[in-house]
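A.B. asks: Start counting the sequence shown at 687; every next residue gets the next number (this note's numbering).
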Amino acid sequence: MPVYFLVAGLYFMGIFTGFWIRARLRCMVDAVERSLAFKFHNPAWLEPLNLRGAIMSFASTNNMNNVITFKRCESLELISRSNYALLYDKNLKMALWCGYYLNSQMVKAARHHRKPHVCYTDKTLPKEIRVQLMHMQRHAYDKGHMAPLASVATCSTTSFDASLVSNFVLQHKALNRGIWKRLEHLSRRYVEGHDVSTLDELFTANQYDESSVSLRRRMFWTSSRCLAVSTGALFRKESNSLNCLLQHDKQVVPIPDELYMALWDVHSHQHMAFIIPNDETAAVQSLKPKCLNGERQKRRVSLASKTTIRGLGLPHKHVQNSFRQGNLHEIHRFCVTLKELEDRISLSERVIAEKMLCVPRGTHGTEFIKTTNCLGQQACILRHETPPVELFSLQKRRRACKASLRRHFRLVRCCLVN
687 MPVYFLVAGL YFMGIFTGFW IRARLRCMVD AVERSLAFKF HNPAWLEPLN LRGAIMSFAS
747 TNNMNNVITF KRCESLELIS RSNYALLYDK NLKMALWCGY YLNSQMVKAA RHHRKPHVCY
807 TDKTLPKEIR VQLMHMQRHA YDKGHMAPLA SVATCSTTSF DASLVSNFVL QHKALNRGIW
867 KRLEHLSRRY VEGHDVSTLD ELFTANQYDE SSVSLRRRMF WTSSRCLAVS TGALFRKESN
927 SLNCLLQHDK QVVPIPDELY MALWDVHSHQ HMAFIIPNDE TAAVQSLKPK CLNGERQKRR
987 VSLASKTTIR GLGLPHKHVQ NSFRQGNLHE IHRFCVTLKE LEDRISLSER VIAEKMLCVP
1047 RGTHGTEFIK TTNCLGQQAC ILRHETPPVE LFSLQKRRRA CKASLRRHFR LVRCCLVN
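Quick look at the structure:
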């Protein structure tokens, strides 16, 4: 009889030990995921390759021996914040690129954190390249976040960093309140495990990925789903956006001609990119008056439950279904390939270089260049030497290594089978 009690005791002890070990292992896995999410996802690693390595040189037609070199690394400064990183142009006094990682932990923390509706002057920058809030006031333009508060404001420190003026660019209200807001919301919904089918249609398949499994099936690490996000400003040569540099007011901030956003899934290596004009042509159907009137009644009905659900931190019903099949064409018309976006960034950098070399002014980090007073390039010969700009360089290397290991594993397996 005592033997049966001993066996039963050992049996229940084994079950209890198994549950205890399972709980401990789960805690260890969660700790490792948090460490990978916050320690190894440094936003500064998302810096575009070769963007600061450009070298521009020109010589006057009167004196071909007098060659002046303009290095891009002298005017572009990498600013690393808590949850995002910036490439700040000292001449234009604005950020040309912003990068950050986005995961479900950040979105949940940002949702429960109170967000300020004020902007602060970035006093970490020198006074001569600092922009005040009053210089960001333009008609029909909003102060748009490069790194949105709802994505990176996880605490008081990160909320303050995201509210700095250096994190803002002038965005047309049709863009800031329309397609840009939709893309930011879509990225947050995706890392939380929602709207995966929508991104499955928008993501561009990896050319090195031979698997035909859909994105929904491939994302088996639901708790660690992560996106690498890059945003930035672009300028066109045919526009006059950079002519404001010739004005006497040195605090004038230029208005970008276009804005771009690129998303890269860290685990599945799916990616997509968008180039959106910074004007009224970026308006989407949801901003038109007749569509706003149609949605007004739905919002009135759910107004009472909206406050309760927001307090619980749960997504609202009308927000969950905000991306339907009928609205995908509004996003598709701005979609481009990653290679097209990289070429467009290189072209924008050349436009900035040509304009800065013809502006007779001295700025911090650059030489005082005395050139002609004209806006064109008739009196100078410009030479642009730079490797092609590359976005998500580390993610591309990781994808290539993964594909190489997969091919070698298949070769070894075939050799063993034969």
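In this text, a Cβ means the ideal position worked out from N, Cα and C, and glycines have one as well.
Would you say Cys930 and His727 are within 8 Å of each other, going by their C-beta atoms?
C.D. replies: No, the Cβ-Cβ distance between Cys930 and His727 is not below 8 Å.
A.B. asks: Would you mind sorting Asn926 into buried or exposed? The rule is 16 or more other CB atoms within 10 Å of its CB.
C.D. replies: By the neighbour-count rule (16 or more Cβ atoms within 10 Å), Asn926 is not buried but exposed.
A.B. asks: Going by C-alpha to C-alpha distance, which of Ile1038, Cys805 and Glu763 sits closest to Gln823?
C.D. replies: Nearest C-alpha to Gln823: Cys805.
A.B. asks: Note the first and the last residue of the continuous beta strand (DSSP E) segment covering Leu920.
C.D. replies: Looking at the DSSP string, the run of the beta strand (DSSP E) that includes Leu920 is Cys912 to Leu920.
A.B. asks: Taking DSSP as the reference, what is the three-state secondary structure of His955?
C.D. replies: Three-state DSSP puts His955 in coil, outside helix and strand.
A.B. asks: Quick one, which of Leu773, Val817, Lys779 and Glu966 has its alpha-carbon nearest Ala833's?
C.D. replies: Checking every option, the nearest Cα to that of Ala833 belongs to Leu773.
A.B. asks: Going by DSSP, what residue range makes up the beta strand (DSSP E) through Leu1091?
C.D. replies: Premise fails: Leu1091 lies in the alpha helix (DSSP H), Ser1079 to Val1103, not in any beta strand (DSSP E).
A.B. asks: What does DSSP give as the partner residue(s) for Phe756 in the beta ladder?
C.D. replies: DSSP output for Phe756 lists Met742 as bridge partner(s).
A.B. asks: Can you give the Cα-Cα distance for Leu928 and Ser761, rounded to whole angstroms?
C.D. replies: Distance between the alpha carbons of Leu928 and Ser761 is about 16 Å.
A.B. asks: Pull up the CB-CB distance for Leu782 and Gly918, whole angstroms please, since I reckon it's below 8 Å.
C.D. replies: Contact flag correct, Cβ pair sits at about 6 Å.
A.B. asks: Given this structure, state the Cα-to-Cα distance separating Tyr697 from Ala771, to the nearest angstrom.
C.D. replies: Answer to the nearest angstrom: the Cα atoms are 55 Å apart.
A.B. asks: Mind pulling the alpha helix (DSSP H) runs of 4 or more residues that sit fully within the stretch 756-808?
C.D. replies: With a minimum length of 4 residues, the continuous alpha helix (DSSP H) runs that stay inside the stretch 756-808 are 790-798.
A.B. asks: For Leu819, collect the residues of the same chain with a Cβ closer than 7 Å to its Cβ; drop the 5 residues on either side in sequence, then sort them by chain order.
C.D. replies: Cys805, Thr807 and Val851.
A.B. asks: Does the count of Cβ pairs from the stretch 936-952 and the stretch 1018-1030 closer than 8 Å reach three?
C.D. replies: Flag = yes, the stretch 936-952 and the stretch 1018-1030 touch.
A.B. asks: Run through the DSSP bridge pairs and tell me what Trp950 is partnered with.
C.D. replies: DSSP lists Ala914 and His957 as partners of Trp950.
A.B. asks: Consult DSSP for Arg816 and reduce its assignment to one of helix, strand or coil.
C.D. replies: Coil at Arg816, not helix or strand.
A.B. asks: For the candidate residues Phe705, Asp775, Leu737 and Asp847, whose alpha-carbon lies nearest to that of Ser1079?
C.D. replies: The shortest C-alpha separation from Ser1079 is found at Leu737.
A.B. asks: I need the boundaries of the alpha helix (DSSP H) containing Leu835, first residue and last residue.
C.D. replies: Segment Leu835 to Val838, the alpha helix (DSSP H) holding Leu835.
A.B. asks: In this structure, how does DSSP classify Lys923 when only helix, strand and coil are distinguished?
C.D. replies: In this structure, Lys923 counts as coil in the three-state DSSP scheme.
A.B. asks: Contact between the stretch 858-868 and the stretch 787-799: three or more CB pairs below 8 Å?
C.D. replies: Cβ pair count under 8 Å is below three, so no.
A.B. asks: How far does the alpha helix (DSSP H) with Ser854 in it extend, from its first residue to its last?
C.D. replies: Inspection of the sequence shows that residue 854 is occupied by Phe rather than by Ser. It is not in any alpha helix (DSSP H) - Phe854 instead sits in the beta strand (DSSP E) that spans Phe854 to His858.
A.B. asks: Taking DSSP's pairing of strands, which residues face Asp828 in a bridge?
C.D. replies: Asp828 pairs with Gln857.
A.B. asks: Would you say Ser925 faces chain B, with C-beta separation under 8 Å as the test?
C.D. replies: In summary, chain B is missing from the structure at hand, where a single protein chain is found.
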